[in-house]
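*Asks:*
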Ligand code: MLT
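Numbering (the numbering used here), first residue to last: 1 to 254.
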């Protein structure tokens, strides 16, 4: 048997001891992962994932208001007093380049903070799919694809992306992976969505609109975010958590 390739449908379903020594990819397609990738792609110095708005505010006090932007959401909308919400479109180069982002979201940042026992933590979404896959090919040790879900409920968009990563890593065509059952389930989901479709992005976008997270965004008027978050491999950054300072920084491909 080869390396483990495990999909975890929710952070609560992967206890810290399972992650120890492996690489975790934290997945919150709608929208925390997509926003973090966009912020770093557009020149943010780093993203500091925070468990609460108060923690984000204390980072701004520590570094100074001219260095730090506060970003994130509760209930999908910008937190009162914050500079930015959780819409990737807000994180343009003009806004974010050269700044540190103190960022807190309901599920995505929590999923990351629950994965701290792994050897390395990366952030993945459709926007950086090919960069993530290339990086994972060069990793040794077990791989864990950790879906953030929404408030403890499994969300299709995260499972779909886990299936995309497993498929691109060659699961199913090469026998050197040791999957868990959720790996097989996520790959079947991904294939059922994209196989036979003339345009994978369109097929993913259509699927995202029908998930709970997608429907929630549509009801809040964030239709454009769904389009943005279903673009494949537009970014080449791989956000990687630095345990020394608790920040996500942009790592290159291996
Ligand atoms: C989250 O982390 O809970 C999500 O990214 C929510 C959202 O889309 O705003």
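We treat Cβ as the ideally placed atom computed from N, Cα and C, and that holds for glycine. Keep in mind the model is a prediction, meaning the values are calculated, not measured.
#1: Cα separation between residue 237 and residue 219?
#2: Using the beta-carbon count (16 or more within 10 Å), is residue 239 buried or exposed?
#3: From the DSSP output, read off the bridge partner residues of residue 100.
#4: Pull the bridge partners of residue 24 from the DSSP assignment, please.
#5: Spatial neighbours of residue 117 within its chain, please: C-beta separation below 8 Å, excluding the five flanking residues on both sides.
#6: Closest by CA to residue 109, which one among 26, 134, 128 and 210?
#7: For residue 209, verify whether its CB is less than 7 Å away from any heavy atom of ligand 1.
#8: So, with DSSP's three-state summary, where would you put residue 254?
#9: Any beta-carbon of chain C closer than 8 Å to the one on residue 74?
#10: Measuring only the C-alpha atoms, how far is residue 35 from residue 72?
#11: How would you label residue 140, buried or exposed, when you count the other beta carbons within 10 angstroms and need 16 or more for buried?
#12: Please determine, among 4, 8 and 3, the residue with the shortest C-alpha to C-alpha distance to residue 145.
#13: What are the start and end residues of the beta strand (DSSP E) that includes residue 3?
#14: Pull the bridge partners of residue 84 from the DSSP assignment, please.
#15: Under three-state DSSP, which class holds residue 247?
#16: Let me make sure I understand the geometry here. Which of 4, 12, 235 and 187 has the alpha-carbon closest to that of residue 131?
*Replies:* The structure says:
#1: 30 Å
#2: buried
#3: 46 and 68
#4: 121 and 144
#5: 16, 17, 19 and 20
#6: 26
#7: no
#8: Caution is warranted here: a pLDDT of 47 is assigned to residue 254, below 50, making its placement in the model unreliable, and no coordinate value can be reported.
#9: Of the protein chains in this structure there is only one, and it is not chain C.
#10: 9 Å
#11: exposed
#12: 8
#13: 3–8
#14: 71
#15: strand
#16: 235
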